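Colleague:
Number of protein chains: 2
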Amino acid sequence: MSKTILVVYAHPEPTSLTRLFVTETVRILEQQGHVVLQSDLYGMGWKATFDEQDFPNRINQDRLDFIQESQHAYTNHQQTLDVAAEQDKLLAADAVIFHFPLWWFGMPAILKGWIDRVYAYGFAYGYKGEGNRYRYGDGILKGKRALLSVMVGGPVEDYSPRGINGPLEELLFPITHGALFFPGLDVLPTHAVYGSGKLSNANVEKELATWHLRLNHLFNESPIPFRRQNGGEYQFNILADHIAAGKKGLTIHIDN
Amino acid sequence: MSKTILVVYAHPEPTSLTRLFVTETVRILEQQGHVVLQSDLYGMGWKATFDEQDFPNRINQDRLDFIQESQHAYTNHQQTLDVAAEQDKLLAADAVIFHFPLWWFGMPAILKGWIDRVYAYGFAYGYKGEGNRYRYGDGILKGKRALLSVMVGGPVEDYSPRGINGPLEELLFPITHGALFFPGLDVLPTHAVYGSGKLSNANVEKELATWHLRLNHLFNESPIPFRRQNGGEYQFNILADHIAAGKKGLTIHIDN
């Protein structure tokens, strides 16, 4: 069955590895009969900084309160057109794929600014005006899937379970869990290419072939088993004592 | 003895809690006889997006390779003036304090863009042209201190050791360890204010007083004991088997 996939990407150089992956993603998914929507953040000149320009019709002219203005703008259809368009794409999509290079262990600023601005109050948080009631597995994007495709300059060893940078999936937890699972997306394990700046042409082809296989399973691969806020394992937003008993930290929120 | 402190902050609203903290920081440190440098990212209209405009004199016009151009621009004094000015401030400072609201479990895009752009190759990475030789405790900012002051909208419970968001210090590891300790900064434990949007005036005063006490110990508080890459505990950038034996994840890189 034909699906709709939103591809969000953050690299200005058409010949970069990030963009080669984007091209492959679009080609393969369209070949499979899917509809592909694209958000080329650099190409669109996406405004990274969340500021007063995001609120052309303020509820409070005297003091800029982001949450208050975000709620007002979203609820009253007073958002800027670029933000509303991205929200519409998210709502239309069955899956969202993010392609970006890992910069300082996180997203490039332009992509962080996509999250900051598109994730309005009432949309990605404060869903249904009920504060934190719907999040982490519930929310406006529930039932859709997300997948990060990350180009990592450093070697895989540095990101291994005891590698000096920390394991990649834990470094990305603020994104996978905090930004994607939060509004309800099912998040697939991150796809990473290490040593991305130094790949031979043969290895680029190999990496693209591996990615092709990942894409083939976009809709049947198991997501990261993050625990749902409303799944009975949390009591007042703290993990119940008998779950992952005696443990703490980011990884207890994954049901492994 | 008089020191120089750089204060980097990311909130456009002068009456926001973030900015009240900034004002207090400047007031207290100047009162103590220190020199305070400020980087008001919103006020400066800081360019968040790292792009081709960062390289007015390219080594390669055909293809934008960020690392290559960053190295070329930094080495040959071809950087944009805004980036060079921030690097100069960092070099002049004995400590750097970052004031920002936590947005989606990380920095606002404008601050991430400060890191992306100011952290040039040859400066924050690739120091002395030696790849990864000097990092995590060694590097150009060695001997200086860093401190995050973070305004967190949610309640403290959600960020507790078993709280649903994950512990704050682990969520911030990509920043404290990955962006600050990496080029050599000694990083103090993060100062967080929770429920930052709903504080009564009395509680704001209380939080400012607590912050004042933190500032008083800026130069004698113990930093987070991140393990130094070149301190003998890593073998080929993987933690030696006998250190934190049998454990894995972000926290093994802290010598607790």
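So the protein sequences, as listed, match chains H and Y. Using my numbering, the first residue of the first sequence is number 183, and each one after it goes up by one. Using my numbering, the first residue of the second sequence is number 183, and each one after it goes up by one. All C-beta atoms in this analysis are idealised placements derived from N, C-alpha and C, irrespective of residue type, glycine included. Quick caveat, the model's predicted, so the values are computed rather than measured.
#1: Just reading off the beta strand (DSSP E) that H:I210 is part of, what are its end residues?
#2: When the cut-off is 8 angstroms and only beta carbons count, does Y:A361 lie next to chain H?
#3: Starting from the C-beta of Y:L281, find all residues in its chain whose C-beta is less than 6 angstroms away, skip the five residues before and the five after it, and write them out in chain order.
#4: Counting C-beta neighbours from all protein chains within 10 Å, is the total for H:L284 16 or more, i.e. buried, or is it exposed?
#5: Using the three-state DSSP reduction, which class does Y:V334 fall into: helix, strand or coil?
#6: H:P365 and H:I322: beta carbons closer than 8 angstroms?
#7: Taking the straight line between their C-alpha atoms, what separation do you get for H:G319 and H:F418?
#8: Using the three-state DSSP reduction, which class does Y:I322 fall into: helix, strand or coil?
#9: Find the residues of chain H that neighbour Y:R327, judging by a C-beta separation of less than 8 angstroms, and give them in chain order.
#10: Flag H:Q411 as yes if its beta-carbon sits less than 8 angstroms from any beta-carbon of chain Y, otherwise no.
#11: Between Y:E206 and Y:V218, what straight-line distance do the alpha-carbon atoms span, to the nearest angstrom?
#12: Does the region 338-353 of chain H come into contact with the region 299-306 of chain H, if we say contact requires no fewer than three beta-carbon pairs (one atom in each stretch) closer than 8 angstroms?
#13: Quick one: grab the DSSP three-state call for H:Q250.
#14: Determine the chain H residues that contact Y:D340 at a beta-carbon separation under 7 angstroms, and present them in chain order.
#15: For chain Y, check one thing: does any of its Cβ atoms lie closer than 8 angstroms to the Cβ of H:T205?
#16: With DSSP as the reference, label Y:L368 as helix, strand or coil.
#17: Between which two residues does the alpha helix (DSSP H) harbouring Y:L350 extend?
#18: Note down, in chain order, each residue of its chain lying with its Cβ closer than 6 angstroms to the Cβ of Y:D368, except the 5 sequence neighbours on either side.
#19: In chain H, what lies closer than 7 angstroms to Y:E195 by C-beta?
#20: What does H:V375 pair with, by DSSP beta-bridge criteria?
#21: Could you work out which residue in H:L263, H:D264, H:I436 is closest to H:P407 when comparing CA atoms only?
#22: Around the Cβ of Y:T197, are there at least 16 other Cβ atoms within 10 angstroms (buried) or fewer (exposed)?
#23: Along chain Y, in chain order, which residues have C-beta atoms closer than 8 angstroms to that of H:E251?
#24: Is the separation between the beta-carbon of H:K271 and that of Y:A291 shorter than 8 angstroms?
#25: Output needed for Y:V208: all residues of its chain with C-beta closer than 8 angstroms, excluding positions within five of it in sequence on either side, in chain order.
#26: Going by DSSP, name the residue or residues bridged to Y:G288.
#27: When the Cα atoms are used, what is the spatial distance from Y:H399 to Y:A275?
#28: Can you give the Cα-Cα distance for H:I425 and Y:T433, rounded to whole angstroms?
#29: Where do the N-terminal and C-terminal ends of the alpha helix (DSSP H) with H:Q220 fall, by residue?
#30: Where does H:T186 fall in DSSP's three states?
#31: Measuring only the C-alpha atoms, how far is H:A255 from H:E387?
#32: Does Y:Q235 come out as helix, strand or coil in the three-state DSSP assignment?
#33: Would you check if the region 260-268 of chain Y and the region 255-268 of chain H touch, i.e. whether three or more CB-CB distances between them fall below 8 angstroms?
#34: List the residues of chain Y that H:Y309 touches, going by C-beta distances under 8 angstroms, in chain order.
Modeller: Let's see:
#1: In the first sequence, the residue the question calls residue 210 of chain H occupies position 28. Counting along the chain, H:I210 falls outside any beta strand (DSSP E), though it belongs to the alpha helix (DSSP H) covering 199-213.
#2: As a position in the second sequence, residue 361 of chain Y is number 179, starting the count at 1. Output row for Y:A361: interface = yes.
#3: One-based indexing of the second sequence puts residue 281 of chain Y at position 99. For the record, residue 281 of chain Y in the displayed sequence is His; it is not Leu. Correct list, in chain order: Y191, T200, F203, V204, S331.
#4: Walking along the first sequence from the start, residue 284 of chain H turns up at place 102. Its Cβ being crowded by 16 or more others within 10 Å, H:L284 is buried.
#5: Residue mapping note: residue 334 of chain Y aligns to position 152 of the second sequence, counting from 1. In the structure shown, Y:V334 sits in coil (DSSP, three-state: anything other than H, G, I, E or B).
#6: Against the first sequence, residue 365 of chain H aligns to sequence position 183. Against the first sequence, residue 322 of chain H aligns to sequence position 140. Taking 8 angstroms as the cut-off, the Cβ atoms of H:P365 and H:I322 count as close.
#7: Counting from 1 along the first sequence, the entry for residue 319 of chain H is found at position 137. Counting from 1 along the first sequence, the entry for residue 418 of chain H is found at position 236. Note on geometry: alpha-carbon atoms of H:G319 and H:F418 lie some 16 angstroms from one another.
#8: On the second sequence, position 140 is the one that residue 322 of chain Y refers to. Three-state result, Y:I322: coil.
#9: By one-based count along the second sequence, residue 327 of chain Y stands at place 145. Chain H residues near Y:R327: none, gap ~19 angstroms exceeds 8 angstroms.
#10: Here residue 411 of chain H refers to the residue found at position 229 when the first sequence is read from its first residue. Using a CB distance cut-off of 8 angstroms, H:Q411 counts as an interface residue toward chain Y.
#11: In the second sequence, residue 206 of chain Y corresponds to position 24, counting from 1. In the second sequence, residue 218 of chain Y corresponds to position 36, counting from 1. C-alpha separation (whole angstroms): 12 angstroms.
#12: no
#13: For the purposes of this step, residue 250 of chain H is taken as residue 68 along the first sequence, with counting starting at 1. The answer is helix: DSSP assigns H:Q250 an H, G or I state.
#14: For the purposes of this step, residue 340 of chain Y is taken as residue 158 along the second sequence, with counting starting at 1. Here the neighbours are N419.
#15: If you number the first sequence from 1, residue 205 of chain H lands on position 23. No, H:T205 does not count as interfacial toward chain Y.
#16: Taking the second sequence and counting its residues from 1, one reaches residue 368 of chain Y at position 186. At residue 368 of chain Y the sequence reads Asp, which differs from the Leu that was named. Strand, per DSSP.
#17: Counted from its first residue, the second sequence places residue 350 of chain Y at position 168. Unbroken alpha helix (DSSP H) run through Y:L350: 350-353.
#18: Working through the second sequence from its first residue, we reach residue 368 of chain Y at position 186. The residues are R327, P405.
#19: In the second sequence, the residue the question calls residue 195 of chain Y occupies position 13. Near Y:E195 (Cβ distances below 7 angstroms), the residues of chain H are R245, L246.
#20: In the first sequence, residue 375 of chain H corresponds to position 193, counting from 1. Per DSSP, the beta-bridge partners of H:V375 are H:M333.
#21: Counted from its first residue, the first sequence places residue 407 of chain H at position 225. Selected option, being the one with the closest Cα: H:I436.
#22: Here residue 197 of chain Y refers to the residue found at position 15 of the second sequence. Exposed: under 16 other Cβ atoms inside 10 Å.
#23: Position 69 of the first sequence, counted from the first residue, corresponds to residue 251 of chain H. Going along chain Y, no residue has its Cβ under 8 angstroms from H:E251, so there is no contact; the nearest lies around 10 angstroms.
#24: Counting from one through the first sequence, the residue named residue 271 of chain H turns up at place 89. Counting from one through the second sequence, the residue named residue 291 of chain Y turns up at place 109. The Cβ-Cβ distance between H:K271 and Y:A291 does not fall below 8 angstroms.
#25: Sequence index remark: in the second sequence, residue 208 of chain Y carries index 26 (1-based). Taken in chain order, the residues that qualify are V189, V218, Q220.
#26: As a position in the second sequence, residue 288 of chain Y is number 106, starting the count at 1. According to DSSP, which records beta bridges pairwise, Y:G288 is partnered with Y:W285.
#27: For the purposes of this step, residue 399 of chain Y is taken as residue 217 along the second sequence, with counting starting at 1. For the purposes of this step, residue 275 of chain Y is taken as residue 93 along the second sequence, with counting starting at 1. Straight-line Cα distance between these residues: approximately 16 angstroms.
#28: Numbered from its first residue, the first sequence carries residue 425 of chain H at position 243. Numbered from its first residue, the second sequence carries residue 433 of chain Y at position 251. Those two C-alpha atoms are separated by around 20 angstroms.
#29: Sequence index remark: in the first sequence, residue 220 of chain H carries index 38 (1-based). Per DSSP, H:Q220 belongs to no alpha helix (DSSP H); it is in the beta strand (DSSP E), 217-222.
#30: Residue numbering aside, residue 186 of chain H sits at position 4 when the first sequence is read from its first letter. H:T186: strand per DSSP, three-state reduction.
#31: Here residue 255 of chain H refers to the residue found at position 73 when the first sequence is read from its first residue. Here residue 387 of chain H refers to the residue found at position 205 when the first sequence is read from its first residue. Whole-angstrom Cα-Cα distance: 45 angstroms.
#32: Sequence index remark: in the second sequence, residue 235 of chain Y carries index 53 (1-based). Y:Q235: helix per DSSP, three-state reduction.
#33: no
#34: Residue numbering aside, residue 309 of chain H sits at position 127 when the first sequence is read from its first letter. Going along chain Y, no residue has its Cβ under 8 angstroms from H:Y309, so there is no contact; the nearest lies around 15 angstroms.
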